[in-house]
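Asks:
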Amino acid sequence: MQYRDYDFKAIEKKWQDYWVKNKTFKATDFSDKPKYYVLDMFPYPSGAGLHVGHPEGYTATDIVCRFKRMNGFNVLHPMGWDAFGLPAEQYAVETGTHPSITTKKNIETFKKQIRSLGFSYDWDRELSTTDIEYYKWTQWIFIQLYRKGLAYLDEVPVNWCPALGTVLANEEVIDGKSERGGHDVIRKPMKQWMFKITEYAERLLEGLDKLDWPDGIKEMQRNWIGKSIGANVVFKVSDSLEKIEIYTTRPDTLFGATYMVLSPEHRLVRTITTDSYKNEVEAYIEKSSRMSDLDRTSLNKEKTGVFTGAYAVNPVNGKRIPVWIADYVLVSYGTGAIMAVPSHDERDFEFAKKFNIPVFCVIKPTEKQVEEKNIKIQDVLEGKLCWFGDGTGINSANSEGLDINGLGVNEAISRTIKWLENKGIGEGKTNYKLRDWLFSRQRYWGEPFPVVHMEDGSIKLLSENEIPLKLPQVDNFKPSGSGESPLANAGEWLEYIDPETGMKGRRETNTMPQWAGSCWYYLRFIDPLNKKAAWDPKKEKYWMPVDLYVGGAEHAVLHLLYSRFWHKVLFDLGLVSTDEPFLKLVNQGMILGLSYKDPRGALVPGDKIEIKDGKFYNRENGDELIEFPAKMSKSLKNVVNPDDVIKVYGADSMRLYEMFMGPLEATKPWNTLGVEGVFRFLKKSWRMICESEIKDFQLNRKQLSTLHQTIKKVTNDISTLNFNTAISALMIFINEFSKDNILSREAAETFIKLLSPLAPHIAEEMWEFLGHENGTIVYEKWPECKEEYLKEDEVEILVQISGKPKVRIMISSDSDEEATKAKALENSIIAELIKGKAIRKIICVKSRLVNIVI
RNA sequence: GCCCGGGUGGCGAAAUGGCAGACGCAACGGACUUAAAAUCCGUUAUCCCUUAUACGGAUGUGGGGGUUCGAGUCCCCCCCCGGGCACCA
Numbered sequence: 006m007q008y009r010d011y012d013f014k015a016i017e018k019k020w021q022d023y024w025v026k027n028k029t030f031k032a033t034d035f036s037d038k039p040k041y042y043v044l045d046m047f048p049y050p051s052g053a054g055l056h057v058g059h060p061e062g063y064t065a066t067d068i069v070c071r072f073k074r075m076n077g078f079n080v081l082h083p084m085g086w087d088a089f090g091l092p093a094e095q096y097a098v099e100t101g102t103h104p105s106i107t108t109k110k111n112i113e114t115f116k117k118q119i120r121s122l123g124f125s126y127d128w129d130r131e132l133s134t135t136d137i138e139y140y141k142w143t144q145w146i147f148i149q150l151y152r153k154g155l156a157y158l159d160e161v162p163v164n165w166c167p168a169l170g171t172v173l174a175n176e177e178v179i180d181g182k183s184e185r186g187g188h189d190v191i192r193k194p195m196k197q198w199m200f201k202i203t204e205y206a207e208r209l210l211e212g213l214d215k216l217d218w219p220d221g222i223k224e225m226q227r228n229w230i231g232k233s234i235g236a237n238v239v240f241k242v243s244d245s246l247e248k249i250e251i252y253t254t255r256p257d258t259l260f261g262a263t264y265m266v267l268s269p270e271h272r273l274v275r276t277i278t279t280d281s282y283k284n285e286v287e288a289y290i291e292k293s294s295r296m297s298d299l300d301r302t303s304l305n306k307e308k309t310g311v312f313t314g315a316y317a318v319n320p321v322n323g324k325r326i327p328v329w330i331a332d333y334v335l336v337s338y339g340t341g342a343i344m345a346v347p348s349h350d351e352r353d354f355e356f357a358k359k360f361n362i363p364v365f366c367v368i369k370p371t372e373k374q375v376e377e378k379n380i381k382i383q384d385v386l387e388g389k390l391c392w393f394g395d396g397t398g399i400n401s402a403n404s405e406g407l408d409i410n411g412l413g414v415n416e417a418i419s420r421t422i423k424w425l426e427n428k429g430i431g432e433g434k435t436n437y438k439l440r441d442w443l444f445s446r447q448r449y450w451g452e453p454f455p456v457v458h459m460e461d462g463s464i465k466l467l468s469e470n471e472i473p474l475k476l477p478q479v480d481n482f483k484p485s486g487s488g489e490s491p492l493a494n495a496g497e498w499l500e501y502i503d504p505e506t507g508m509k510g511r512r513e514t515n516t517m518p519q520w521a522g523s524c525w526y527y528l529r530f531i532d533p534l535n536k537k538a539a540w541d542p543k544k545e546k547y548w549m550p551v552d553l554y555v556g557g558a559e560h561a562v563l564h565l566l567y568s569r570f571w572h573k574v575l576f577d578l579g580l581v582s583t584d585e586p587f588l589k590l591v592n593q594g595m596i597l598g599l600s601y602k603d604p605r606g607a608l609v610p611g612d613k614i615e616i617k618d619g620k621f622y623n624r625e626n627g628d629e630l631i632e633f634p635a636k637m638s639k640s641l642k643n644v645v646n647p648d649d650v651i652k653v654y655g656a657d658s659m660r661l662y663e664m665f666m667g668p669l670e671a672t673k674p675w676n677t678l679g680v681e682g683v684f685r686f687l688k689k690s691w692r693m694i695c696e697s698e699i700k701d702f703q704l705n706r707k708q709l710s711t712l713h714q715t716i717k718k719v720t721n722d723i724s725t726l727n728f729n730t731a732i733s734a735l736m737i738f739i740n741e742f743s744k745d746n747i748l749s750r751e752a753a754e755t756f757i758k759l760l761s762p763l764a765p766h767i768a769e770e771m772w773e774f775l776g777h778e779n780g781t782i783v784y785e786k787w788p789e790c791k792e793e794y795l796k797e798d799e800v801e802i803l804v805q806i807s808g809k810p811k812v813r814i815m816i817s818s819d820s821d822e823e824a825t826k827a828k829a830l831e832n833s834i835i836a837e838l839i840k841g842k843a844i845r846k847i848i849c850v851k852s853r854l855v856n857i858v859i
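Under our numbering, the letters of the first sequence match residues 6 to 859, in that order.
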């Protein structure tokens with residue numbers, strides 16, 4: 006073959022066409038090879054197209070896939086579209102364009118862009134959550150969950166915006182106002198579909214332990230689930246038959262309870278409030294119901310509350326304590342009521358101080374902690390200071406057999422619970438912060454629920470042969486005005502007549518949230534064309550679980566928790582074979598854009614920058630600016646479009662730069678100048694292969710060592726996803742081997758193979774250039790590192806005197822400790838430096854250093 | 001406030017407790033060229049000593065302490081940046 010320039014445009018087109026034509030990356034079901042399932046978080050195909058953040062994770066997974074194929078794995082690497090959702094619907098409201106048209110167009114753009122990067126997806130498995138053949142099975146899964154008793158309708162508050170006449174998603178409400186227009190948003194109760202994810206709280210928590218996920222993400226899920234262990238305790242209401250049950254994690258502080266608090270929504274509030282306090286209580290309830298959650302829970306908010314006039318009896322000591330209502334107690338957690346122990350709970354302490362409620366200390370801090378925290382123990386004992394650290398019980402005994410004085414916190418808790426249980430007035434109780442999952446949206450562009458509201462008020466679940474329930478064509482995508490979804494205007498579509506009983510009904514007009522489609526797409530990829538089932542269980546058993554899942558950390562809780570929940574339900578139903586879907590999870594870091602900030606720290610958009618003498622100025626007011634990485638955004642004009650990079654440098658350079666910037670997980674700033682460097686490296690590689698004389702000859706010791714060190718480094722680094730250092734190893738190799746204009750075939754072929762997962766187009770072309778005329782490098786065997794070549798005859802070691810580096814000497818690489826020491830001591834410079842000094846000791850690290858301590 | 005990340009040259013970054021700054025960018029100098037691009041070679045942490053870019057010495061991984069023959073790496077305290085959670089009793 007004739008030498009040509011590195012014409013990346015022609016090369017990349019040629020091989021992308023070749024891969025598509027030959028279905029090079031087709032994953033075969035039931036191959037004898039070990040399977041490896043690599044999944045990217047599939048994108049929402051927006052109108053803006055890809056930005057440089059998308060290809061980061063996709064490049065990483067692509068490299069792993071190609072590496073695994075060369076190591077003999079049968080790789081499943083699919084791509085699809087999470088295409089239901091708000092932007093297409095909002096565009097429809099504004100322009101009247103049907104969301105399916107927008108979606109189709111955006112998918113085409115995304116697909117073209119993704120293909121231009123040469124990713125090795127099996128495109129035969131492509132899917133979109135909006136395909137009727139896909140959402141049929143999303144509805145089918147809903148049916149399974151419903152039948153298992155995990156779906157229910159409940160009247161819960163939604164974000165209702167009267168000015169816009171619509172319901173908003175949480176994400177569209179910013180500081181209690183609508184994102185668009187800044188109108189007030191209130192909480193309005195509406196019938197909503199809920200999932201009992203709380204039934205799976207414990208298993209979702211336990212399951213985390215065995216997952217190979219970033220600790221941060223696991224911790225976020227743990228916090229979200231929010232398990233706490235404590236007790237429910239029943240307090241009698243004084244002069245009444247009513248009882249108030251409270252939840253506490255600190256039953257050991259029961260003797261310190263000086264008041265109680267009910268949340269304003271607690272069902273007993275009106276019952277127990279005495280006549281003289283009615284007006285105040287009603288006013289308070291009314292006031293807090295109008296407040297948004299944000300207002301109620303915002304920081305630094307001073308505590309508020311009112312007394313109900315009622316008293317309760319503390320069951321451990323019979324003391325009468327006042328019952329208050331306050332919005333710092335949430336109705337949705339625990340029992341919606343607490344016992345307040347101001348002496349040992351900061352919130353209660355704050356409240357008690359404000360309303361002059363007594364503080365009664367029941368835990369004496371340990372000496373050690375008093376010292377550490379630098380507090381006066383007397384202040385705690387007198388109730389002047391709130392103490393929530395360790396300590397021992399005081400003032401905590403009654404005549405009915407409970408005595409926890411002198412006990413530590415843990416022991417006191419278990420004793421108290423035992424006592425409460427014996428008396429029948431309380432029990433050990435575990436609570437979770439996790440709430441049931443609100444699953445319906447008042448939207449058009451989502452999966453319709455396979456549900457009908459019948460005339461008689463009953464709810465009918467469609468049967469499996471009544472799905473797919475197709476989303477109807479409508480002309481008007483505007484909200485219905487009643488707070489219902491645009492589907493409420495869908496006319497005939499709404500009407501339903503039961504085929505068996507003839508009873509009339511109206512279809513559910515809510516649609517499912519965007520999470521629905523992404524909850525199970527990894528399962529459909531296994532068997533995307535199956536018409537009879539969501540997936541074939543045999544294929545599921547072969548491919549699952551996902552071995553590597555890569556995506557952004559913004560899905561840490563929601564998507565990843567929801568899909569784990571569905572997966573566990575499917576597992577319980579015997580529909581999948583593993584109880585966790587994603588074995589290993591990696592979050593790629595955010596890529597920031599180059600931005601500029603002025604002396605006041607304000608960011609200045611990219612089009613207002615003027616560069617003079619290597620310094621940056623604001624064109625408008627002459628302020629000197631400093632370069633500063635910031636999140637890419639339209640307004641800052643710092644968004645980098647991959648297409649532009651590919652046009653100038655090619656897809657291989659784009660891929661390489663994305664990986665060379667730094668560790669995959671790190672947040673890092675994009676700098677287009679950096680692409681120049683990897684582009685040069687590829688050009689250099691190209692010249693080394695295509696301009697050198699390639700011959701078969703035996704490499705010398707030094708070259709063999711470099712070659713095998715490179716194999717070892719690249720192999721390890723790709724396995725551990727440290728692509729940046731793998732690339733630098735290949736650069737070192739090139740710097741070494743491109744010095745000569747004659748190259749051994751062995752070195753050349755090994756290099757191309759090592760490069761091929763990272764920069765596949767150029768690798769294919771060079772592979773072909775070397776005479777592999779028909780075929781692809783994709784399934785060539787990955788080079789093997791032979792340890793015996795790594796060893797060099799001589800190694801350089803450092804000789805230090807008292808830890809200070811002095812000289813470097815060459816020694817035979819198999820010198821033992823004694824020989825190494827002797828060599829070091831006989832060196833003339835060392836001998837001079839230690840002359841006349843006593844050697845205290847000598848530390849010797851084999852093949853590394855000798856440290857002579859004097 | 002709490003929980004995770006992170007802080008290393010002008011910049012992106014490397015470093016199983018063992019020579020800090022590999023690799024790359026930028027900058028500077030040189031070669032090639034009529035010239036430019038491309039390419040190649042070299043220099044590039046700070047300070048001191050010095051006729052000096054030699055030789056030599058000291059300092060240096062956010063700050064302060066500690067462990068160790070030896071610390072970017074381990075331990076304690078503090079500061080700053082990014083992300084998440086936020087009255088969950």
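In this text, a Cβ means the ideal position worked out from N, Cα and C, and glycines have one as well. Quick caveat, the model's predicted, so the values are computed rather than measured.
With distances taken from CA atoms, which of Ala731, Asn237, Lys223, Ala206 is nearest Ala561?
Replies: Within the first sequence, residue 561 is the residue found at index 556, counting from 1. Taking only the C-alpha atoms, the option nearest Ala561 is Lys223.
Asks: In this structure, how does DSSP classify Leu304 when only helix, strand and coil are distinguished?
Replies: To locate residue 304, count along the first sequence from 1; it is residue 299. Caution is warranted here: a pLDDT of 49 is assigned to Leu304, below 50, making its placement in the model unreliable, and the coordinate value is therefore given only provisionally. The answer is coil: DSSP assigns Leu304 none of H, G, I, E or B.
Asks: Distance, Cα to Cα, Phe13 vs Phe742?
Replies: Within the first sequence, numbered from 1, the residue matching residue 13 stands at position 8. Within the first sequence, numbered from 1, the residue matching residue 742 stands at position 737. So the alpha carbons of these two residues sit roughly 23 Å apart.
Asks: Alpha carbon to alpha carbon, how far is Ala827 from Ile839? Give it in angstroms, no decimals.
Replies: Residue mapping note: residue 839 aligns to position 834 of the first sequence, counting from 1. Residue mapping note: residue 827 aligns to position 822 of the first sequence, counting from 1. Roughly 14 Å separates the two Cα atoms.
Asks: Could you give the residue range of the beta strand (DSSP E) that holds Lys434?
Replies: For the purposes of this step, residue 434 is taken as residue 429 along the first sequence, with counting starting at 1. Boundaries of the beta strand (DSSP E) around Lys434: 431-437.
Asks: Taking its Cβ as the centre, do 16 or more other Cβ atoms sit within 10 Å of Pro48, making it buried, or is it exposed?
Replies: For the purposes of this step, residue 48 is taken as the residue at position 43 of the first sequence. That one is buried.
Asks: According to the neighbour-count rule (16 or more other Cβ atoms, all chains shown, within 10 Å of its Cβ), is Asn237 buried or exposed?
Replies: Within the first sequence, the letter at position 232 stands for residue 237. The residue is buried, with at least 16 neighbouring Cβ atoms inside 10 Å.
Asks: Three or more C-beta pairs under 8 Å: does that hold for the stretch 333-345 against the stretch 257-266?
Replies: yes
Asks: With distances taken Cα to Cα, identify the nearest neighbour of Lys791 among Ile816, Ser807, Glu769, Thr755.
Replies: Position 786 of the first sequence, counted from the start, is the residue given in the question as residue 791. Comparing Cα-Cα distances from Lys791 to each of Ile816, Ser807, Glu769, Thr755, the minimum goes to Thr755.
Asks: On the three-state DSSP scale, how would you describe Ile859?
Replies: Locating residue 859 in the first sequence gives position 854, counting from the first residue. Correct three-state label for Ile859: coil.
Asks: Near Ser485, what residues of its chain come up, given a Cβ to Cβ distance below 7 Å and the 5 sequence neighbours on each side ignored?
Replies: On the first sequence, residue 485 is found 480 positions in, with the first residue counted as 1. Contacts found: Pro491, Ala493, Asn494.
Asks: For Asn832, verify whether its CB is less than 7 Å away from any heavy atom of the ligand ZN.
Replies: Absent from the structure shown: the ligand ZN. Ligands present: none.
Asks: Check whether the Cβ atoms of Val328 and Ala317 sit closer than 8 Å, and answer yes or no.
Replies: Here the question's residue 328 lines up with position 323 in the first sequence. Here the question's residue 317 lines up with position 312 in the first sequence. Yes, these two residues count as a Cβ contact at 8 Å.
Asks: Please go through the same chain and pick out, in chain order, the residues whose beta-carbon is closer than 8 Å to the beta-carbon of Met508, but skip the five residues on each side of it.
Replies: For the purposes of this step, residue 508 is taken as the residue at position 503 of the first sequence. Same-chain partners within the cutoff: Met459, Glu460, Asp461, Ile502.
Asks: Based on the DSSP output, what are the partners of Arg192 in its beta bridges?
Replies: In the first sequence, counting from the first residue as 1, residue 192 sits at position 187. Arg192 is bridged to Asn164.
Asks: Closer than 7 Å by C-beta to Thr254: which residues in its own chain qualify, once you throw out the five before and the five after it? Chain order, please.
Replies: For the purposes of this step, residue 254 is identified with residue 249 of the first sequence, where counting begins at 1. Around Thr254: Ser233, Ile234, Gly235.
Asks: Is it buried or exposed, Ile194, if we count other Cβ atoms within 10 angstroms and call 16 or more buried?
Replies: Counted from its first residue, the first sequence places residue 194 at position 189. Checking the displayed sequence, the identity of residue 194 turns out to be Pro instead of Ile. Exposed is the call here.
Asks: Rounded to a whole number of angstroms, what is the C-alpha to C-alpha distance between Asn740 and Leu678?
Replies: Reading the first sequence from its first residue, position 735 is the one you call residue 740. Reading the first sequence from its first residue, position 673 is the one you call residue 678. Roughly 21 Å between the two C-alpha positions.
Asks: With a floor of 3 residues, list each beta strand (DSSP E) that falls wholly inside the stretch 570-629, ordered by position along the chain.
Replies: 590-593, 596-602, 614-617, 620-623
Asks: List the endpoints of the continuous beta strand (DSSP E) containing Cys849.
Replies: Along the first sequence, read from residue 1 onward, the residue named residue 849 stands at position 844. It spans 846-850 - the beta strand (DSSP E) in which Cys849 sits, taken as one unbroken run.
Asks: Is Asp45 helix, strand or coil by DSSP?
Replies: Taking the first sequence and counting its residues from 1, the one referred to as residue 45 is at position 40. Residue state, collapsed to three classes: strand.
Asks: On a CA-only basis, which of Asn27, Ala32, His56 is nearest Asp648? Give me that one, please.
Replies: In the first sequence, the residue the question calls residue 648 occupies position 643. Nearest C-alpha to Asp648: His56.
Asks: For Glu773 and Phe530, I'd like the C-alpha separation in whole angstroms.
Replies: For the purposes of this step, residue 773 is taken as residue 768 along the first sequence, with counting starting at 1. For the purposes of this step, residue 530 is taken as residue 525 along the first sequence, with counting starting at 1. Going by the C-alpha atoms only, they are around 33 Å apart.
Asks: Check whether the stretch 517-537 and the stretch 126-134 touch, using three or more Cβ-Cβ pairs below 8 Å as the test.
Replies: Short answer: they touch.
Asks: What's the gap between the Cα of Gly557 and the Cα of Gly388?
Replies: To locate residue 557, count along the first sequence from 1; it is residue 552. To locate residue 388, count along the first sequence from 1; it is residue 383. Distance between the alpha carbons of Gly557 and Gly388: 48 Å.
Asks: Applying the criterion that 16 or more other CB atoms from any shown protein chain within 10 Å of the CB defines a buried residue, is Phe312 buried or exposed?
Replies: As a working mapping, residue 312 is identified with position 307 in the first sequence. Only buried fits Phe312, as 16 or more other CB atoms lie within 10 angstroms of its CB.
Asks: Short of 6 Å in beta carbon distance, which residues of its chain neighbour Val375, apart from the five on each side in sequence? Order them along the chain.
Replies: Taking the first residue of the first sequence as position 1, residue 375 is located at position 370. Around Val375: Ile382.
Asks: Tell me, to the nearest whole angstrom, how far the beta carbon of Phe260 is from that of Val367; I am working on the premise that it is less than 8 Å.
Replies: If you number the first sequence from 1, residue 260 lands on position 255. If you number the first sequence from 1, residue 367 lands on position 362. Between Val367 and Phe260 the Cβ distance is about 5 Å, and since that is below 8 Å, they are a contact.
Asks: For the pair the stretch 427-445 and the stretch 90-98, tell me if three or more CB-CB distances fall below 8 Å.
Replies: no
Asks: In the stretch 191-264, which residue ranges form an unbroken alpha helix (DSSP H) of at least 4 residues, counting only runs that do not cross its ends?
Replies: 206-212, 220-230
Asks: Is Ala88 helix, strand or coil by DSSP?
Replies: As a working note, residue 88 is residue 83 in the first sequence. Ala88: coil per DSSP, three-state reduction.
Asks: Under DSSP, the alpha helix (DSSP H) around Lys369 begins and ends at which residues?
Replies: Position 364 of the first sequence, counted from the start, is the residue given in the question as residue 369. From DSSP, Lys369 is part of no alpha helix (DSSP H) but of the beta strand (DSSP E) over 368-370.
Asks: On the DSSP letters alone, give me the boundaries of the beta strand (DSSP E) that Gln805 sits inside.
Replies: For the purposes of this step, residue 805 is taken as the residue at position 800 of the first sequence. 799-806 is the span of the beta strand (DSSP E), which, as asked, contains Gln805.
Asks: Assign Phe365 to one of three DSSP states: helix, strand, or coil.
Replies: Indexing the first sequence from 1 puts residue 365 at position 360. Coil at Phe365, not helix or strand.
Asks: Roughly how many whole angstroms lie between the Cα atoms of Arg295 and Gly667?
Replies: For the purposes of this step, residue 295 is identified with residue 290 of the first sequence, where counting begins at 1. For the purposes of this step, residue 667 is identified with residue 662 of the first sequence, where counting begins at 1. Whole-angstrom Cα-Cα distance: 49 Å.
Asks: Quick check on this structure: which residue in Ile747, Trp571, Gly406 has the alpha carbon closest to the alpha carbon of Arg208?
Replies: The residue given as residue 208 occupies position 203 in the first sequence. Comparing Cα positions, the closest option is Trp571.
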